[in-house]
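The structure under discussion appears below in the form of structure tokens.
Number of protein chains: 2
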Amino acid sequence: MGVAEHKKLLSDIGVDVDRHAQMMSMGLESYEAQFKSQNNRPKGMEYFDWFMSEIQGQRIAEINKLRAEKKPAVGTFCIFVPEEIIVGAGGACFGLCGGSPATIADAETELPRNICPLIKSAHGFKLQKTCAYTQSSDFIYGETTCEAKKKTWEILNKHHPVHVMNIPHMKREKDLKMWQEEIVEFKEHIEEVAGKKLSLDEMIEGTKIINEKRKAMQRLDSLRGMNPDVIPISGKDALFINQMGFLDDPRRYTQKVNELCDELEKRIDENNSVFEKDTPRLMVLGTPIAPPNWKLHTAVEGSGGAIINEESCIGHRYYKDNVDLDSVETEEDLMKQLMQRYSAVDCACFTPNTPRIDKILKMYEDRKADGVIYYTLSFCHTYNVESHLVTEALEAAGIPCLVIESDYSPEDAGQIKTRVEAFLESISFKKKAKNFKNKD
Amino acid sequence: MGVAEHKKLLSDIGVDVDRHAQMMSMGLESYEAQFKSQNNRPKGMEYFDWFMSEIQGQRIAEINKLRAEKKPAVGTFCIFVPEEIIVGAGGACFGLCGGSPATIADAETELPRNICPLIKSAHGFKLQKTCAYTQSSDFIYGETTCEAKKKTWEILNKHHPVHVMNIPHMKREKDLKMWQEEIVEFKEHIEEVAGKKLSLDEMIEGTKIINEKRKAMQRLDSLRGMNPDVIPISGKDALFINQMGFLDDPRRYTQKVNELCDELEKRIDENNSVFEKDTPRLMVLGTPIAPPNWKLHTAVEGSGGAIINEESCIGHRYYKDNVDLDSVETEEDLMKQLMQRYSAVDCACFTPNTPRIDKILKMYEDRKADGVIYYTLSFCHTYNVESHLVTEALEAAGIPCLVIESDYSPEDAGQIKTRVEAFLESISFKKKAKNFKNKD
Chain B
1 MGVAEHKKLL SDIGVDVDRH AQMMSMGLES YEAQFKSQNN RPKGMEYFDW
51 FMSEIQGQRI AEINKLRAEK KPAVGTFCIF VPEEIIVGAG GACFGLCGGS
101 PATIADAETE LPRNICPLIK SAHGFKLQKT CAYTQSSDFI YGETTCEAKK
151 KTWEILNKHH PVHVMNIPHM KREKDLKMWQ EEIVEFKEHI EEVAGKKLSL
201 DEMIEGTKII NEKRKAMQRL DSLRGMNPDV IPISGKDALF INQMGFLDDP
251 RRYTQKVNEL CDELEKRIDE NNSVFEKDTP RLMVLGTPIA PPNWKLHTAV
301 EGSGGAIINE ESCIGHRYYK DNVDLDSVET EEDLMKQLMQ RYSAVDCACF
351 TPNTPRIDKI LKMYEDRKAD GVIYYTLSFC HTYNVESHLV TEALEAAGIP
401 CLVIESDYSP EDAGQIKTRV EAFLESISFK KKAKNFKNKD
Chain L
1001 MGVAEHKKLL SDIGVDVDRH AQMMSMGLES YEAQFKSQNN RPKGMEYFDW
1051 FMSEIQGQRI AEINKLRAEK KPAVGTFCIF VPEEIIVGAG GACFGLCGGS
1101 PATIADAETE LPRNICPLIK SAHGFKLQKT CAYTQSSDFI YGETTCEAKK
1151 KTWEILNKHH PVHVMNIPHM KREKDLKMWQ EEIVEFKEHI EEVAGKKLSL
1201 DEMIEGTKII NEKRKAMQRL DSLRGMNPDV IPISGKDALF INQMGFLDDP
1251 RRYTQKVNEL CDELEKRIDE NNSVFEKDTP RLMVLGTPIA PPNWKLHTAV
1301 EGSGGAIINE ESCIGHRYYK DNVDLDSVET EEDLMKQLMQ RYSAVDCACF
1351 TPNTPRIDKI LKMYEDRKAD GVIYYTLSFC HTYNVESHLV TEALEAAGIP
1401 CLVIESDYSP EDAGQIKTRV EAFLESISFK KKAKNFKNKD
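Protein chains in written order, with the working numbering: chain B, 1 to 440; chain L, 1001 to 1440.
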């Protein structure tokens, strides 16, 4: 995209263009250093490298073209947003910037210091007007999954429209009934923005598009993590692909992920791994890892480990379930299926949340992993407190686990690397001892 | 209560007797130093001094006598507990220990460091078995008002039965309908513990007892804060009385508070203030102040200020509303009135929570206060984030405000005192300037 055209696009949506340019150049530099330096990357990553270069360029132009046609553009920080409905209305649903430390000082003029960095970063992006996605959104989808967000919406709403969906604390039958009503209300809000009623066919079409997208992501998940001998793509690249799933046009994205998966299948056949033999295979559990927060993956994969899965909202929790359309005949059927799909999400905001533990143990088994890292953003009470029950279950199953709590500051990168190295060493030792024993 | 008898009582309910004795002696020493040293205390404080000396003695014996009669004993950390029902069943409802730093290290073996000290302290008391109230409770009343508590119940439940009530995020009609159902479920749970059905008359009687208690507390509030010339009791003593309202037998407590109020009325007539003329009158806003957490009041009243109200769960938020029994004819009527009373509580867990701001401004006006301290426990996201909107409204109304976030460690006592002193100085200056101007 040309520079002048880009500047006009950004200034039309109220972006602070100069400050934005500085931020973007920092982000691209960081991407260059952390991603392009990797060895033996799949050719299919070229598309995602290109997408990164146009992340706040062409993609923003596409979204604003939709808006010009009265198609809704919805920004979100949470995977409970029923994006099927937005896409059914021909609109775009996208994750908002919230992974950078560069906006946090601004946010702290209105928010406490000791809340999660994602919320502060996102709020700061709005105050700074340096996120073209935030500026492009008709409204921000808010929810009640975490109390710092729940209360921040009241403040953010002074700066940008926020529509809050009530996500319950529990999953009893009556809670699910109310949840379904929330989805209906969300649909009505989308209809208001679009200025027209949505047909069942349109919403089914939107659901199919998102189902296909999630299927492609499941395929990628399976290819990177399910083969015990070959890991055909780095965890960092796979994380980045997942991250871009929250920004890209879902049809193009699905196609590109599937093309990449074709290549990864070939790599597996050819025994072409991006990691050395016996590299410890790690799963990451916990809170979302929003771009450009690549700290953990860089630490692990720069220290001789491989990340084969993220049990995270930006990861497996997002794509694990699809909407069952088989028996959908009426709009109410669809709303019910959407509710069932979304209420299967095992966010730590629910009490109790025991199915998450069973799932983690099964994921670990399926992937023949060698250890897990429980990663939480600082001050995320729900995932943080839940880590006790999760790590207790892991310990009982004899699964090595490292708990890391971190924010976006670069300050703890060294400390994290040291802890990760020690963890990898202990795992490698066990792995080699086990392999040696198996040979006997 | 005799030493041997006391030891037997405590060991019968599983208290770690030796450790408990150490904790209690620290608590009593701290009370002695911070309370008995005050000048010109009302004679009516003698009862509360006595209660403190028997806080985990006679009162525990009373509760366990009720339990022996199959009357329910319910421990709580939150004012949403419908205590009217418990008292209607002839049982006891009491606040659990959660104001001491001495149990926090134990709690941190199971909980993250960066959650609110009240939760950690309370959890630690259970792990240590050093709170006779916790040990005496048939179950702990849990709720969903804050996510750190919501998730901690899952862990605490391994050590003690917890019954969780779902408090909604919002107060729409459908949320309130569900809330009423929660109160009905709570009643059924109490019936299970009591092993018998509760009659409407019993529950009305329980409601009348608690209404009378709240009326006495309102009376105390009014006497301490509504007279611009005379403050007949220190803020610290009044806070302590409020704190003991969560432990004492409600009938005896009501009588004793009313007796004290008779004395305070006389003091007002006689112009007998415990503070010097022109002492800055402060309101405290925010999170609960559980005993023995008297740090803030000691800092303020030891630096030349007077606290005339706590807009807190241990304070005005607890006693401001009564249950309207006028039109109650059926059990459903009563459940509805309970729901309406409890849903009037303006906890920061709700979104939006704007009535709280209007209330604060009115309280300030009514009490002719000179400033406010917005006090939050560390890591309490809801009150912490909400402080932005509250302080914005205060600023717009020209009300001086100091924001203090603190935990239970004694380490910041000096820093708090310095900040309070500076705040009081600036208020005194304004107050004198205003009085001088008014004389002209």
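C-beta atoms are modelled at their ideal positions from N, C-alpha and C, and glycine is treated no differently.
Looking at L:LEU1282 and L:GLY1371, is the spacing between their C-beta atoms short of 7 Å?
The answer is yes: Cβ separation under 7 Å.
Taking CB distances under 7 Å as the criterion, tell me whether L:LYS1150 reaches chain B.
Under the Cβ distance rule, L:LYS1150 counts among the residues neighbouring chain B, one pair being separated by less than 7 Å.
8 Å contact criterion, which B:ARG356 and B:ASP346 should meet: CB distance rounded
With a beta-carbon spacing of about 4 Å, B:ARG356 and B:ASP346 fall inside the 8 Å limit used to define contacts.
Skipping 5 residues on each side, what residues in its chain have a beta carbon closer than 7 Å to that of B:ILE115?
If you ignore the 5 residues before and after B:ILE115, its C-beta comes within less than 7 Å of the C-beta of ALA148 and PHE379, all in its own chain and listed in chain order.
Answer yes or no: do L:CYS1078 and L:GLU1032 have a C-beta to C-beta separation smaller than 7 Å?
No, Cβ-Cβ distance for L:CYS1078 and L:GLU1032 is not below 7 Å.
Of all the options B:TYR374, B:LYS150 and B:ASN353, which has the alpha carbon lying nearest to the alpha carbon of L:HIS1169?
For L:HIS1169, the closest of B:TYR374, B:LYS150 and B:ASN353 by C-alpha to C-alpha distance is B:LYS150.
Say whether chain L places a C-beta atom closer than 7 Å to the C-beta of B:MET339.
Not an interface residue.
Residue-level contact to chain L via CB, B:PHE77, 7 Å cutoff:
Closer than 7 Å to the CB of B:PHE77 there is not a single CB belonging to chain L.
Please identify, using Cβ separations under 8 Å, the residues of the segment 1001-1018 of chain L that lie next to chain B, in order along the chain.
Against chain B - using a Cβ distance shorter than 8 Å - the segment 1001-1018 of chain L contributes no residues.
Between L:ASN1157 and chain B, is the shortest Cβ-Cβ distance under 7 Å, so that the two count as touching?
No, L:ASN1157 lies away from the interface with chain B (no Cβ there is under 7 Å from its Cβ).
Own chain residues within Cβ distance below 6 Å of L:ASP1138, not counting five before or after:
Taking C-beta separations shorter than 6 Å and ignoring five residues to either side along the sequence, the partners of L:ASP1138 in its chain run PRO1072, ALA1073 and VAL1193, following chain order.
Quick one: list the residues of chain L neighbouring B:GLU259, beta-carbon separation under 8 Å, in chain order.
Simply none; closest approach about 41 Å.
List the residues of chain B whose Cβ lies closer than 9 Å to the Cβ of L:THR1382, in chain order.
Under the 9 Å cutoff, chain B gives GLU147, ALA148, LYS150 and LYS151.
For L:THR1152, tell me which candidate among L:SER1343, L:LYS1120 and L:PRO1292 has the shortest Cα-Cα distance.
Looking from the CA of L:THR1152, the closest CA among L:SER1343, L:LYS1120 and L:PRO1292 belongs to L:LYS1120.
Going by CA-CA distance only, name the one from L:VAL1284, L:ARG1251, L:GLY1090 and L:GLY1304 that's closest to L:LYS1277.
Per the Cα distances, L:GLY1304.
Chain L partners of B:PRO112, CB-CB under 7 Å?
ASN1384 and VAL1385, listed in chain order.
Where the alpha helix (DSSP H) containing B:HIS163 begins and where it ends:
Annotation: B:HIS163 is outside any alpha helix (DSSP H); the continuous beta strand (DSSP E) that includes it extends over 162-165.
Under 7 Å, Cβ to Cβ, is there at least one residue of chain L near B:MET170?
The beta carbon of B:MET170 sits closer than 7 Å to some beta carbon of chain L.
Test item: CB-CB of L:MET1001 and L:GLN1058 under 7 Å
In this structure, L:MET1001 places its C-beta atom within 7 Å of the C-beta atom of L:GLN1058.
When burial is assigned at 16 or more other CB atoms within 10 Å of the CB, is L:GLN1337 buried or exposed?
Sixteen is the threshold: when 16 or more other Cβ atoms of the shown chains lie within 10 Å of the Cβ of L:GLN1337, as they do, the residue is buried.
By DSSP, does B:MET1 sit in helix, in strand, or in coil?
Three-state result, B:MET1: coil.
Output, in chain order, the set of chain L residues within a Cβ distance shorter than 8 Å of B:LEU389.
Within chain L, the residues near B:LEU389 are GLU1154 and ILE1155.
Determine, using beta carbons only, whether L:PRO1352 comes closer than 7 Å to chain B.
Chain B, which has a Cβ nearer than 7 Å to the Cβ of L:PRO1352, makes this yes.
Between the beta-carbon of B:VAL15 and the beta-carbon of B:GLN180, is there less than 7 Å?
Cβ distance not < 7 Å, so B:VAL15 and B:GLN180 don't count as in contact.
Backbone secondary structure at L:LEU1247 - three-state DSSP:
Residue state, collapsed to three classes: coil.
Exposed or buried, B:SER409, counting other C-beta atoms within 10 Å across all chains shown (16 or more means buried)?
Counting Cβ neighbours within 10 Å, B:SER409 comes out exposed, since fewer than 16 surround it.
Does the beta-carbon of L:ARG1214 have 16 or more other beta-carbons within 10 angstroms, so that it is buried, or is it exposed?
Looking at its Cβ environment, which holds 16 or more other Cβ atoms inside 10 Å, L:ARG1214 is buried.
In this structure, does DSSP put L:THR1418 in helix, strand or coil?
Three-state result, L:THR1418: helix.
Hey, how far is the Cα of L:MET1335 from the Cα of B:ASN227?
Rounded to the nearest whole angstrom, the C-alpha separation of L:MET1335 and B:ASN227 is 58 Å.
On the premise that B:GLU62 lies in contact with B:ASP249, defined as a C-beta separation below 8 Å, what is that separation, rounded to the nearest angstrom?
Between B:GLU62 and B:ASP249 the Cβ distance is about 6 Å, and since that is below 8 Å, they are a contact.
Quick one: which chain B residues come within Cβ less than 8 Å of L:PHE1379?
Identification of chain B residues near L:PHE1379 by a Cβ-Cβ cut-off of 8 Å yields ASN114, PHE379 and HIS381, ordered along the chain.
Inter-residue CB distance, L:ALA1290 and L:GLY1099 (contact presumed, cutoff 8 Å)
For L:ALA1290 against L:GLY1099, the beta-carbon gap comes to about 3 Å, under 8 Å, which counts as contact.
To the nearest angstrom, how far is the alpha carbon of L:GLU1265 from that of L:GLU1212?
Taken atom to atom, the span from the alpha-carbon of L:GLU1265 to that of L:GLU1212 is near 19 Å.
Can you tell me whether DSSP reads B:SER100 as helix, strand or coil?
Correct three-state label for B:SER100: coil.
How long is the line joining the alpha carbons of L:LYS1417 and B:ALA422, rounded to whole angstroms?
About 44 Å.
Tell me which residue opens and which closes the beta strand (DSSP E) that L:ARG1281 is part of.
1281-1286 is the span of the beta strand (DSSP E), which, as asked, contains L:ARG1281.
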